[in-house]
Each structure stands twice: as structure tokens, then as C-alpha cells.
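In the working numbering, the protein residues as written are 934 to 1385.
Where is the CB? At the ideal position from N, CA and C, for every residue including glycine.
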């Protein structure tokens, strides 16, 4: 990404040019930085002290980048070597906090873009957590439990030295669920001889995990969409919803949409998507993707009201609300054009940066409500922080209690973004609002703590 920024403070152009020059082969990271820098221009104009103290220059450079070798042996005795990453971006508000992603696409650019986004997302929750991200190019698909255990143990053999409940607290992400977290946490405990429950979140509820953590990102995205619609005097009742993905986020977004009176009609994976005009059967979807771990096409084979569309994405389906919940840059300008033509009213990102810049602009130009991921999918990390609180105090909260806390946090995130957008003259622009509100909190803390 090499475009030049216009109509922004000179520091923004200078910083972005420096980011491109210093990170020339990292397009996802450049894209994430570009989006944030453009949208915080009003904040920099209103707060010259942020410019004078070099806040932006420091913020785009991670505090620490860790890359390491992960050797492991498969069930046939063959040696494999993967690459592990942890980018600790900002600890100014609290310990680094962000998930681990195991997927063949993982590289330094992906991890840095996710970590950079995490800074502002975590700040928006107001919970005193910094930003970081990590993972590996390991592909867990098709691997046995024993192979995944050996990989996780090897991965933790290196990463453990950089973690701790007051230093860096990972969680799950794509390819890292309760199984992987269990293996990772067990190895950390073995190596350190410490049972620090609060150094990993997304744990099983039987051994330190929090109720609603599994559901939190998907639930939170739906809650955020609900708040956006409420500003216009609308609700989710009766709305048709397209959801992409079929992992944790998608499954629980679909489940919560049902509970709030909407009709979720799609899900997808890398092979294509299914559309079910009777509404997605959550139990069947969970059985296929979490238990049997088969392709999404099997859903249509078992349910007469559904059909499978191979090699396509669900954005061609006529819906009122879209929840992109799979991966980065999955919804482009052509998809946005199709959704707008079919009358979409709101988009809330369940995944991280799933909408391309051109698609975001198209939605905003058409008056479609658009909730960026750092706000709309903040429910996962917010509930992780609640899990940390419970671990620190040796408490256990009920499901209903935890969900009520999550819903209030998502309302606060929405209101912070909405209010910041209005304050800086961009009423209704949740991209400007979310980035500005998160950046303000981080910048004030950096200013107070000196040049470090």
C-alpha cells in the first residue's frame, strides 16, 4: 500500500511514509496503520501536544517483536518446523493482551496489523489492558490431538519467557480454541512451576475460565449492531442477517441474532457458503464445525431448506445486516456494492479488518451503518479482561451476570465511539469515532508516562 495521504496534518503523511519504508513487505500492517492515521487526524489537530511529543511515531512501532522457531514431530515421526510470532505493541494501559492465531496465512504483517488494531480495541473497553498479538503459520486442520499437543508444547517452550499475568496475557483466535489453550497453558504451568490462571484467557470454565468468554466476540458484534440500529430507532427484530465464517465468532453471532429476534441465513468457510432461508440451525452448524470438523457443504447435505454455493462469499444474498466474521479483507468493493443494492442497512465487523477500505467508503457513502472491528468485536477481549479479574480475585460469576456485563461494555464501547465521532465533527462515523476514542486514551497515558 503506497498511496499518499491528503488533507491531514503533515505528521500523518510523514509517519505513514516512514511505516511503508520500514515495513515494505507488510501490506496488512500498512493498511491498518493507514486507516487509523487518517481517522485520527481531527484528534491530532485538536491536541498539538500529541504531535509535539511524538505519540504517533512511537505508537506505530511495537515495543517488542518476537519471532522464533517451532520444531515438532507428527504422528508418523516426521519433523516439521514452523515459525512463531508474538508482537507486543503497547503496554501503556496495562499488560499486553491479544490472541494467538494458528493458520498458514500467519506472517509478521498479519500479526502486526492485528496487534496494532488491538491497541485501540482494548483501549475502547476501558479495562486497563494493552495491545499485542501472536501466532504461527502452523495449520491445525486435519492434525490429530496428539500432533496439536506437541506443537503447542514446542510453541510454549519459547514463548513462555515473554508471558505473565502482569506482562502479556494471550488468548485464542483463528485456529486456537479451548483445546489449544489447554495444551499451551499446561506447558506454561509445567515450565514455570506456577499456576498463574490470569496469564491466559479463554480457558475452560472448569479450570479458571469465564462464563460467556466462548460466546463473547459473536455476542458482542450483535450487541454492537443492535446499538447502532437503536440510534436510528430500529431493532434487530425480523431482520435478515448474513454472517460469514463458521467458527467461534460466527456460530455465536448467529445464536445471539436468533435470540434477539433476527433471522440469520448464512454461514461460510473457505470452500463457499450456505444459505438457509429457514434460518441457520446453530446446533447443526456447531456439530459439523466444532465436533466433526467437516466442510460447510455438509450442512446443505443434511438440511433440506439450505443450499451450498461453492467458491463464493455470502454477500450476494439479500439481507438487512451483514456480519463479516471470517478473516481480513473478505468483503471488498464488489461485495459492498451487491449488499447496498440489496438494501443492507448495517454492517458490524465480527472479524478483524474483514472489510477493505474501498468497501468501507462505499458503505459510508451509501449511508449504511458501519461498525469497525476494533469496536464491534471488542466483546471477546472485554470478556477476557473479566476473566482476568475473576482469576485475580478467585471469583466465579454466573453466565447471566457475565453476559449482562458484556452487554453493558458493548454499549459503552458504542457510546464512546459515537460520542467521539460527534465531538470531532464526524457524527455517525464509527470508524473515526472508534479510532479517536481509543487513541485519545492511549495518547494521554503515553504523554503522562514520558518517552519510553
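So within the segment 1147 to 1220, which uninterrupted alpha helix (DSSP H) runs reach at least 4 residues, ignoring any that extend past its ends? Secondary structure in the segment 1147 to 1220: the alpha helix (DSSP H) runs of 4 residues or longer, each lying completely within the stretch, are 1149 to 1164, 1181 to 1192 and 1215 to 1219 in chain order.
Which residues in the same chain have their Cβ closer than 7 Å to the Cβ of residue 1248, if we skip the five residues on either side of it in sequence? Within the same chain, Cβ atoms closer than 7 Å to the Cβ of residue 1248 are found at 1175, 1255, 1264, 1268, 1271 and 1272, the five residues on either side in sequence being excluded.
From 1158, 1203, 1309 and 1061, residue whose alpha carbon lies closest to that of residue 1367: 1309
Find the nearest neighbour of residue 1289 within the set 968, 951, 950 and 952, judged by alpha-carbon distance. Nearest to residue 1289 by C-alpha distance, out of 968, 951, 950 and 952, is 968.
Rounded C-alpha distance that separates residue 1384 from residue 1195: 49 Å
Distance between residue 1185 and residue 1171 (C-alpha atoms, nearest Å): 18 Å
For residue 1023, the first and last residue of its enclosing beta strand (DSSP E): Membership of residue 1023 in the beta strand (DSSP E) is indicated by the continuous run 1012 to 1023.
Of all the options 1139, 1336, 1020 and 1027, which has the alpha carbon lying nearest to the alpha carbon of residue 1145? 1336
So residue 1052 packs on residue 1375, CB below 8 Å; how close in whole Å? 6 Å
Please say whether residue 1097 and residue 1325 have beta carbons closer to each other than 8 Å? no
To the nearest angstrom, how far is it from the Cα of residue 982 to the Cα of residue 1129? When rounded, the distance between both Cα atoms is 39 Å.
To the nearest whole angstrom, what separates the beta carbons of residue 1045 and residue 995, a pair I think is in contact under 8 Å? 7 Å
Limits of the unbroken alpha helix (DSSP H) element including residue 1118: Counting along the chain, the alpha helix (DSSP H) containing residue 1118 begins and ends at 1111 to 1125.
Could you tell me which residues DSSP pairs with residue 1066 in its beta bridges? 1020
Contacts around residue 934, its chain only, beta-carbon distance under 8 Å, and the 5 residues preceding and following it disregarded: In this predicted model, residue 934 has a pLDDT of only 39, less than 50, meaning its place in the structure is not dependable; the value taken from the coordinates is given anyway. 953, 960, 963, 964 and 967, listed in sequence order.
Test item: CB-CB of residue 1183 and residue 1153 under 8 Å: no
For the putative contact between residue 1092 and residue 1066, defined by C-beta atoms under 8 Å, what is the C-beta separation to the nearest angstrom? Not quite, the Cβ-Cβ distance comes to about 13 Å (not below 8 Å), so this is no contact.
Taking the straight line between their C-alpha atoms, what separation do you get for residue 1158 and residue 1089? 37 Å
Can you give the Cα-Cα distance for residue 1222 and residue 1228, rounded to whole angstroms? 7 Å
Quick check on DSSP: helix, strand or coil for residue 1058? helix
Touching by the beta-carbon criterion (3+ pairs, under 8 Å), the segment 1076 to 1089 and the segment 1106 to 1121: yes
If the criterion is Cβ atoms closer than 8 Å, does the pair residue 1300 and residue 1161 meet it? no
Confirm, please, whether the CB-CB distance from residue 1033 to residue 1105 is below 8 Å. yes
Ignore the nearest five residues each way along the sequence and tell me which others in residue 1024's own chain have a CB closer than 7 Å to its CB. 996 and 1063
With a cut-off of 8 Å on the beta carbons, I'd call residue 913 and residue 1022 a contact; round off their distance for me. There is simply no residue 913 to check, as the chain begins at 934 and stops at 1385 in what is shown.
In whole angstroms, give me the CA-to-CA distance for residue 1344 and residue 1276. 26 Å
Span of the beta strand (DSSP E), counted from its first residue to its last, around residue 1242: 1239 to 1243
In terms of alpha-carbon separation, which member of 1202, 1224 and 1069 lies closest to residue 1000? 1069
Out of 949, 1010, 1012 and 942, state which residue places its alpha-carbon closest to the alpha-carbon of residue 980. 942
Could you give the distance in angstroms between the alpha-carbon of residue 1235 and the alpha-carbon of residue 1220? 12 Å
Beta-carbon proximity of residue 1280 to residue 1199, cut-off 8 Å: no
Which of helix, strand or coil does DSSP assign to residue 1135? Looking at residue 1135 - three-state DSSP - the assignment turns out to be coil, as it is neither helix nor strand.
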